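Structure, as structure tokens:
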Amino acid sequence: MKKLLILILFSISFVTQVFANKILIPMDERQKNHLKAYGIAFWLLKEHGTEIEWLLNYRGGSFLFDASQSYINECVIRGVSYETISDAESQSILAQIASPDANMDAVKLNKAPKIAVYSPKTTQPWDDAVTLVLTYAEIPYDKIFDEEVLENKLPEYDWLHLHHEDFTGQFGKFLRMRGQAWYQEQKQEAETIARKYNFSKISDLKLSVSKKIRDFVFGGGYMFAMCNATDTFDIALAADGIDIVESPYDGDGADPNADKKLKFENGFAFQNYRLFMNPYEMEFSTIDNQQEERGVNETNDYFSLFQFSAKWDPIPTMLTQNHANLIKGFMGQTTAFKKQYIKPDVITMAENRSLGEARYIHGTAGKGFWTFYGGHDPEDYQHYVGEEPTDLNLHPNSAGYRLILNNVLFPAAKKKKLKT
Numbered sequence: 317m318k319k320l321l322i323l324i325l326f327s328i329s330f331v332t333q334v335f336a337n338k339i340l341i342p343m344d345e346r347q348k349n350h351l352k353a354y355g356i357a358f359w360l361l362k363e364h365g366t367e368i369e370w371l372l373n374y375r376g377g378s379f380l381f382d383a384s385q386s387y388i389n390e391c392v393i394r395g396v397s398y399e400t401i402s403d404a405e406s407q408s409i410l411a412q413i414a415s416p417d418a419n420m421d422a423v424k425l426n427k428a429p430k431i432a433v434y435s436p437k438t439t440q441p442w443d444d445a446v447t448l449v450l451t452y453a454e455i456p457y458d459k460i461f462d463e464e465v466l467e468n469k470l471p472e473y474d475w476l477h478l479h480h481e482d483f484t485g486q487f488g489k490f491l492r493m494r495g496q497a498w499y500q501e502q503k504q505e506a507e508t509i510a511r512k513y514n515f516s517k518i519s520d521l522k523l524s525v526s527k528k529i530r531d532f533v534f535g536g537g538y539m540f541a542m543c544n545a546t547d548t549f550d551i552a553l554a555a556d557g558i559d560i561v562e563s564p565y566d567g568d569g570a571d572p573n574a575d576k577k578l579k580f581e582n583g584f585a586f587q588n589y590r591l592f593m594n595p596y597e598m599e600f601s602t603i604d605n606q607q608e609e610r611g612v613n614e615t616n617d618y619f620s621l622f623q624f625s626a627k628w629d630p631i632p633t634m635l636t637q638n639h640a641n642l643i644k645g646f647m648g649q650t651t652a653f654k655k656q657y658i659k660p661d662v663i664t665m666a667e668n669r670s671l672g673e674a675r676y677i678h679g680t681a682g683k684g685f686w687t688f689y690g691g692h693d694p695e696d697y698q699h700y701v702g703e704e705p706t707d708l709n710l711h712p713n714s715a716g717y718r719l720i721l722n723n724v725l726f727p728a729a730k731k732k733k734l735k736t
């Protein structure tokens with residue numbers, strides 16, 4: 317009896333090896349854990365050098381790769397849904413995708429990008445959605461800050477994330493919270509770094525850092541930003557040589573004609589906006605569509621993803637892969653971008669048309685790419701200072717967080733005829 321059981325198990329294993337030559341990780345509604353599925357893809361690239369076919373617009377942007385029992389085991393351990401299919405079935409899927417009538421494409425992923433997250437060494441009273449989802453998906457990353465940027469460490473990385481950071485040197489305009497320990501620690505950290513590199517003002521330090529990041533992108537890097545790292549990065553570059561910081565932050569007054577002197581051509585995404593100079597107002601410019609202007613709340617705040625031509629516009633197609641086209645809105649210090657201030661060559665990938673706002677935009681700069689995503693945490697509508705971090709175990713299928721992870725995988729794509 318025991319010999320018969322061993323023979324049966326051997327036969328099943330042999331049949332599986334013969335007929336299940338591929339593994340398909342579906343990314344439609346059948347996937348139990350979309351976020352960890354990206355971690356499987358990254359693990360395959362980084363630890364095994366396995367080439368992956370990213371099936372754009374096929375079942376939510378599924379992943380296809382050669383079968384291995386160890387790969388199956390990893391999917392099981394991480395709770396990721398998978399399907400084993402034959403070589404013939406995979407060829408049939410690829411033929412369906414290749415059809416000229418199908419708005420689908422197969423993009424090869426062949427190298428895991430090296431990831432850096434720009435984050436201060438001091439404790440922050442808020443959480444970074446990107447570090448949360450990278451940790452949850454088990455995707456490795458390094459934390460870097462001003463010192464590493466100024467010492468030219470950025471070229472060591474492929475992908476850089478900026479989150480809740482103020483590149484104008486105004487400490488997020490949290491002046492009303494200057495008595496809080498976290499505010500004082502961050503101010504002290506910035507002042508220490510500024511002295512180390514001979515900057516007389518924090519705004520000068522942050523401008524120099526912004527230029528290094530800009531050069532990283534120009535040289536072929538991938539930059540992803542959320543919340544107020546989006547507009548403050550652009551504002552800092554546009555305000556090069558102009559004092560836009562009032563005396564409570566740097567000891568002297570701002571240039572009263574700063575608005576008229578802004579060099580919009582220096583920024584990546586925005587133009588023709590006006591600055592908010594009040595040091596106590598926690599807004600930087602007219603770019604952000606503020607909540608009192610938007611007229612929506614948690615129950616009716618949504619934005620829609622655009623659908624692009626997979627074969628002709630693979631980049632925005634990759635960045636918008638999802639199992640849902642309507643995404644729950646979420647707030648941040650910068651929530652959304654008023655469309656009248658977005659440069660004409662920028663690609664809008666998600667919007668709330670009725671509010672005249674874009675939520676998710678993308679563009680190129682030199683040899684590199686950048687993406688801006690409005691809002692702070694896709695699964696916490698209004699994340700307050702000091703709140704507990706979001707538990708992504710409760711949101712394994714988050715469509716809002718998927719957009720972040722699309723950007724993480726994007727640099728792994730094998731270069732071909734990229735039209736955008």
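As numbered in my numbering, residues 317 to 736 make up the sequence shown, in order. Yeah, the Cβ is synthetic: ideal placement off N, Cα and C, and Gly gets one too. As the structure is a computational prediction, the values presented were derived from the model and not from experiment.
Same chain, Cβ closer than 6 Å to residue i, five either side skipped, listed in chain order
i: I328; result: Only weak support is given to the placement of I328: the predicted model assigns it a pLDDT of 39, under 50, and the value that follows is read from those uncertain coordinates. Closer than 6 Å at Cβ, skipping near neighbours: no residue.
i: G664; result: As written in the sequence, residue 664 is Thr, which differs from the Gly given in the question. Answer for T664: A674, I677, listed in chain order.
i: M539; result: L476, V533, W686
i: E599; result: F592
i: G377; result: M343, Q637
i: N426; result: E367, K730
i: D403; result: N337
i: T602; result: Y589, R590
i: D617; result: G645
Below-8 Å beta-carbon distance, residue i vs any chain B residue
i: A626; result: Of the protein chains in this structure there is only one, and it is not chain B.
Proximity to residue i [Cα-Cα], best of the options
i: N713; options: A640, N668, R610, K459; result: A640
i: K644; options: Q486, H711, N389; result: H711
i: V423; options: P630, P660, Y689; result: P630
i: N668; options: L621, M634, K627; result: L621
i: H480; options: L491, R590, D547; result: D547
i: G485; options: S519, K503, Y457, E472; result: S519
i: N573; options: P564, R590, L448; result: R590
i: L708; options: G376, A545, L450, A432; result: L450
i: Y689; options: K627, K489, F619; result: F619
i: E597; options: N588, A666, K489; result: K489
i: N770; options: W628, L553, Q656; result: Outside the displayed span of the chain (317 to 736) sits residue 770, for which this structure offers no information.
i: M634; options: L725, D474, Q496; result: L725
i: Y457; options: F653, L466, E472; result: E472
i: K348; options: I393, W370, F653, Q500; result: I393
i: F624; options: A666, F549, M493, V465; result: A666
i: R610; options: F653, M493, A554, E345; result: F653
Residue i versus residue j - alpha carbon distance
i: Q607; j: E454; result: 34 Å
i: K437; j: D443; result: 13 Å
i: I278; j: K512; result: An answer regarding residue 278 cannot be provided, because it is not within the stretch 317 to 736 covered by the chain.
i: I401; j: Q385; result: 13 Å
i: F330; j: G682; result: For F330, the predicted model reports a pLDDT of 44, less than 50, meaning its position is unreliable; a value from the coordinates is still stated below. So the two alpha carbons sit approximately 51 Å from each other.
i: G535; j: T615; result: 42 Å
i: H699; j: T650; result: 12 Å
i: V662; j: N389; result: 42 Å
i: Y434; j: S408; result: 43 Å
i: A432; j: E363; result: 18 Å
i: F672; j: A428; result: Correcting the residue identity first, residue 672 is Gly in this sequence and not Phe. C-alpha separation (whole angstroms): 37 Å.
i: D382; j: A626; result: 23 Å
Same chain, Cβ closer than 7 Å to residue i, neighbours up to 5 away in sequence not counted
i: E562; result: G569, A570, M593, P595
i: I509; result: D462, E463, L521
i: D556; result: L523, K579, N582
i: G716; result: I643, K644, F646, P694, E695
i: Q412; result: A418
i: L320; result: The predicted position of L320 is uncertain, since its pLDDT is 45 and thus under 50; a value taken from the coordinates is nonetheless stated next. No residues qualify anywhere along the chain.
Residues that residue i bridges to, as DSSP identifies them
i: N668; result: E673
i: K459; result: V433
i: Y398; result: Beta-bridge pairing links Y398 to no other residue.
i: W359; result: DSSP output for W359 lists no bridge partner at all.
i: G684; result: A681
i: Y473; result: None; Y473 has no bridge partner.
i: M542; result: Y689
i: E369; result: L380, K424
i: Y618; result: K644
Proximity test, residue i beta-carbon vs the ligand COA heavy atom, cut-off 7 Å
i: E481; result: Absence of the ligand COA from the depicted structure is noted, as is the absence of any ligand whatsoever, leaving it without description.
Sequence-distant residues of the same chain with beta carbon closer than 8 Å to residue i, five excluded per side
i: C391; result: I339, I341, I356, S397, Y398
Taking contact to mean 3 or more Cβ pairs, one atom from each stretch, closer than 8 Å, check whether the segment 345-363 and the segment 719-733 are in contact.
yes
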